[in-house]
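Which chain is which? The protein sequence lines are A and B, in order. Residue numbers for the first sequence follow our numbering, so the first one is 1 and each next one is one higher. Residue numbers for the second sequence follow our numbering, so the first one is 288 and each next one is one higher.
Protein chains: 2
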Amino acid sequence: MADTHASTPLAIICGGGSFPAAVADAVAARGRRPVMFGIKGWAEAEVIGRYAHHWIAIGQAGRFFRLAKAENCREALFIGTVLRPPIKDLRLDWHTLRLMPRVVRFFRGGDDKLLSGVAGVAESGGLRVVGVKDVAPELFVPEGALGRHRPSERDQADIAHALKLIGALGPFDVGQAAVVADSHVIAVEAAEGTDHMLARIIELRGLGRVTSPSGVGVLVKAPKPGQDRRLDLPSIGPRTIELVAKAGLAGLAVTAGSTMIAEAERTISAADRAKVFVIGVREALAA
Amino acid sequence: MADTHASTPLAIICGGGSFPAAVADAVAARGRRPVMFGIKGWAEAEVIGRYAHHWIAIGQAGRFFRLAKAENCREALFIGTVLRPPIKDLRLDWHTLRLMPRVVRFFRGGDDKLLSGVAGVAESGGLRVVGVKDVAPELFVPEGALGRHRPSERDQADIAHALKLIGALGPFDVGQAAVVADSHVIAVEAAEGTDHMLARIIELRGLGRVTSPSGVGVLVKAPKPGQDRRLDLPSIGPRTIELVAKAGLAGLAVTAGSTMIAEAERTISAADRAKVFVIGVREALAA
């Protein structure tokens, strides 16, 4: 089933960040033709421009379907962030969007509803939506420690605590990440994103409101239970390592096989230098 | 039982903020003598100084018991925040504290464990620990709307969603507050405190990462299920109203009978002016 259309070009709908390029590279390396559809305001020209590409605006589903058909695509994949500050002139588009009952309905809920809604629109246009895991499984964190450092027993207890917390938040479509230090929950991520949450810990530590000793505490990232794995996925990269180290944490744990890693080599060598661990854990721990 | 010692002076162990004064005023108004024990680094001299008072440092349990006995106190109450930035020279004390196995054990967990531990120490010294509710129930938000404004149906749905979320977080000793806008969880409070969380929403809105229209969304504060109600209590005041308005929220809901209100008149008139609602809701909604 997953390979039915593997010989057709893959439509990659691209948000921001470097992941679209990583996915396209992996797809091309397997001998499949990637066709990039950059979302205006989020996708980066230098990333999109390396392959056959088109630009689309949010709301231009008709244009996308027309172009995808012309490119002979049968499958589509979404990748990249659409959570960064929208470019000013894009705001008008968002207002326009609110007029459309279907799209507005997506917004009546968390990210999951929004993303599932977008996938539904794509599938209504005759394209099969696939996930990164279907086309580039090597972009995910595997099980086990990635670098030189390992979690201590206390770190492991903190990881287990955070995974349980994230599991409990699943029904609320929130919280793909949390920070736990010595069994104390220090931060829970909602709309702010992981980098912002880590910056908060750095700030709270400066204010004396986070008092755990340096080198204690873990960042844990895990997809929400029931999350559509074809769409929004947790990810880590060199910037994550930098903030984890500045926040005085011992390391970070992510669910193996479902968290993407950007620039894997740079990320792991940064972790080694900063003496923080990076580990892929089984999701079963979250249950 | 609650009134056994009501004729004896009440030892009020005071953290920061204005609540210690409000509690002392209410206790004195009932004809009972308050004896203030200001915690160095947190309690404010102008608050403590209005009644008979002593200064104690964290860790000086012996000194506290001696003084409380000399003042003929049989009951003690904790009030005020100990979460604000500790004064610089206090940091040494915290380090000293970590040497004491019992105290260190309190820190191996969230606030609940810390506070229950402190209560245990007080009770081991022969004092009965009472709560604000026992001595000044009028300082709590009652059920129903406090000002001129009322939550809409959408606001009510957001309130119910946030109460459920806070309930789900109970086992993790975290999250006395959350912000929900149109069923979307925008923020969950952990170590940062409510004011900091609201400031984050103001910032995320400026960055375009919180896109709910102004006037949509609620702040909900509720004690964690199982929380020792004699100790750490959620509270609101004029500053809360100011931040709720700046964050573009419709209003705030707190659990009736368990959330304290500072400077009630000023708080309510600020809410009326800012056109935000303030409502006390029954905790049963959280179940």
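C-beta atoms are modelled at their ideal positions from N, C-alpha and C, and glycine is treated no differently. Remember, it's a predicted structure, so these values are computed and weren't measured experimentally.
Assign residue i to one of three DSSP states: helix, strand, or coil.
i               : result
L249 of chain A : coil
K356 of chain B : helix
P424 of chain B : helix
R200 of chain A : helix
S235 of chain A : strand
A145 of chain A : strand
V129 of chain A : strand
A288 of chain A : Residue 288 of chain A lies beyond the range of chain A shown here (1 to 287); nothing can be said about it.
D460 of chain B : coil
A293 of chain B : coil
V244 of chain A : helix
E283 of chain A : helix
S124 of chain A : helix
G206 of chain A : helix
A61 of chain A  : helix
T498 of chain B : coil
What residue range is occupied by the uninterrupted alpha helix (DSSP H) comprising residue i?
i               : result
P350 of chain A : Absent from the model: residue 350 of chain A. The displayed extent of chain A is 1 to 287, so no value can be given.
A181 of chain A : Run containing A181 of chain A: none in the alpha helix (DSSP H); it sits in the beta strand (DSSP E), 177–181.
V230 of chain B : Residue 230 of chain B lies beyond the residue range present for chain B, which begins at 288 and ends at 574; the question has no answer from this structure.
V47 of chain A  : 45–48
Compare the C-beta of residue i with all C-beta atoms of chain D and state if any pair is closer than 8 Å.
i               : result
E358 of chain B : Going by chain labels, chain D is absent from the structure shown, which instead holds the protein chains A and B.
State the start and end residues of the unbroken beta strand (DSSP E) segment that holds residue i.
i               : result
L450 of chain B : Careful: L450 of chain B lies outside any beta strand (DSSP E), inside the alpha helix (DSSP H) at 440–456.
L219 of chain A : 218–221
I342 of chain B : According to the sequence as given, residue 342 of chain B is Trp; it is not Ile. Taken as a continuous stretch (DSSP letters only), the beta strand (DSSP E) holding W342 of chain B covers 340–343.
Could you tell me which residues DSSP pairs with residue i in its beta bridges?
i               : result
F365 of chain B : B:I300
F564 of chain B : B:G538
A187 of chain A : A:V179
I548 of chain B : B:I523
Who are the Cβ neighbours of residue i in its own chain at under 7 Å, not counting the five residues just before and after it?
i               : result
E331 of chain B : G303
S7 of chain A   : none
F237 of chain B : With chain B represented from 288 up to 574, any question about residue 237 of chain B goes unanswered, as that position is not in the structure.
K246 of chain A : I202
E138 of chain A : A26
G215 of chain A : G248, A250
V497 of chain B : I473, I488, L491
G125 of chain A : A61, F65
K356 of chain B : none
Round the Cβ separation of residue i and residue j to the nearest angstrom and send it over; I've been treating them as touching at under 8 Å.
i               : j               : result
L530 of chain B : D482 of chain B : 6 Å
K562 of chain B : V541 of chain B : Actually they do not touch by this definition, with Cβ atoms about 18 Å apart.
V422 of chain B : L354 of chain B : V422 of chain B to L354 of chain B, Cβ: 20 Å. No contact.
A477 of chain B : V218 of chain A : That belief does not hold up - the Cβ atoms of A477 of chain B and V218 of chain A are roughly 14 Å apart, past 8 Å.
V419 of chain B : G567 of chain B : Between G567 of chain B and V419 of chain B the Cβ distance is about 16 Å, and since that is not below 8 Å, they are no contact.
Cutting at 6 Å between CB atoms, please list the residues of its own chain near residue i, excluding the five before and the five after it.
i               : result
E75 of chain A  : H5, L10, R128, V130
E283 of chain A : T255
R33 of chain A  : P9
A270 of chain A : P238, I241
D442 of chain B : V505, A537
H341 of chain B : F324, L354
R437 of chain B : F564
If I measure Cβ to Cβ from residue i and keep anything under 8 Å in the same chain, skipping five residues before and after, which residues do I get?
i               : result
R526 of chain B : D482
S212 of chain A : A181, D182, H184, I186, G248
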